[in-house]
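Read the structure below first, then the notes.
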Amino acid sequence: MSGFREPGFSDRQKAAQEARKNLLNKFKSQPGLDDPAVAARRAEREALAAKRAEAKAAREAEKAEQKRIAEEAAAAEAARIAREAEEAIAKQAEVEAEQKAKRDARYAARKAKRK
Numbered sequence: 001m002s003g004f005r006e007p008g009f010s011d012r013q014k015a016a017q018e019a020r021k022n023l024l025n026k027f028k029s030q031p032g033l034d035d036p037a038v039a040a041r042r043a044e045r046e047a048l049a050a051k052r053a054e055a056k057a058a059r060e061a062e063k064a065e066q067k068r069i070a071e072e073a074a075a076a077e078a079a080r081i082a083r084e085a086e087e088a089i090a091k092q093a094e095v096e097a098e099q100k101a102k103r104d105a106r107y108a109a110r111k112a113k114r115k
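Just so we're aligned, residue 1 is where the sequence shown starts under the UniProt record's numbering, counting upward by one.
Okay, structure coming up:
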């Protein structure tokens with residue numbers, strides 16, 4: 001039984017050359033760009049990409065619509081809050097005006113009583 005033989009430089013060089021040749025043959029055996037199967041796969045990929053782009057555009061449109069609806073709701077809520085604040089201010093001013101009128105009436109009654 002012979003022992004393990006260490007590959008020499010020429011053996012390694014021959015193995016590398018065989019590997020390059022096998023790789024080149026593998027590359028040459030692949031179909032070209034004008035092959036119908038390759039064209040069909042490319043068309044399929046392009047169709048899928050178009051579908052994905054269409055779906056993405058639809059999702060973005062839906063998000064934009066939801067955002068618009070949310071902004072409208074927020075604007076309506078802000079308007080309602082502002083309106084309520086204005087009503088509260090007007091009511092407070094009315095109450096203060098009534099209080100001032102009562103105070104002025106009491107003052108006038110005191111003055112009239114003294115004369």
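Backbone N, C-alpha and C fix where the C-beta goes; we use that ideal spot for every residue, glycine too.
Treat the numbers as computed from the prediction; the structure is a model and nothing was measured.
**Asked** When the Cα atoms are used, what is the spatial distance from K102 to R110?
**Response** Translated into positions along the sequence shown, residue 102 becomes position 102. Translated into positions along the sequence shown, residue 110 becomes position 110. If I take the Cα positions, the gap works out to 12 Å.
**Request:** Quick one: grab the DSSP three-state call for D11.
**Result:** As a first step, residue 11 is located in the sequence shown; it is residue number 11 there, counting from the start. Correct three-state label for D11: helix.
**Prompt:** Under the three-state reduction of DSSP, which class applies to P31: helix, strand or coil?
**Reply:** As a first step, residue 31 is located in the sequence shown; it is residue number 31 there, counting from the start. In the structure shown, P31 sits in coil (DSSP, three-state: anything other than H, G, I, E or B).
**Request:** Please state if the CB of A40 and the CB of P31 are separated by a distance shorter than 8 Å.
**Result:** Counting from 1 along the sequence shown, the entry for residue 31 is found at position 31. Counting from 1 along the sequence shown, the entry for residue 40 is found at position 40. No, the pair does not count as a contact, with Cβ atoms beyond the cut-off.
**Item:** Three-state secondary structure (DSSP) of residue 116
**Value:** Within the shown structure, residues of the chain are numbered from 1 to 115, placing residue 116 beyond reach of any answer.
**Prompt:** If you draw a straight line from the C-alpha of residue 180 to the C-alpha of D35, how long is it?
**Reply:** With the chain running from 1 to 115 in the structure shown, residue 180 is simply not present.
**Request:** Would you identify the three-state DSSP class for E6, choosing helix, strand or coil?
**Result:** Here residue 6 refers to the residue found at position 6 of the sequence shown. Of the three classes helix, strand and coil, the one that applies to E6 here is coil, per DSSP.
**Message:** Excluding the 5 residues flanking K56 on each side, which residues of the same chain have their C-beta closer than 8 Å to its C-beta?
**Reply:** Looking up residue 56 in the sequence shown gives position 56. For K56, where only same-chain residues beyond five positions count, there are no Cβ hits under 8 Å.
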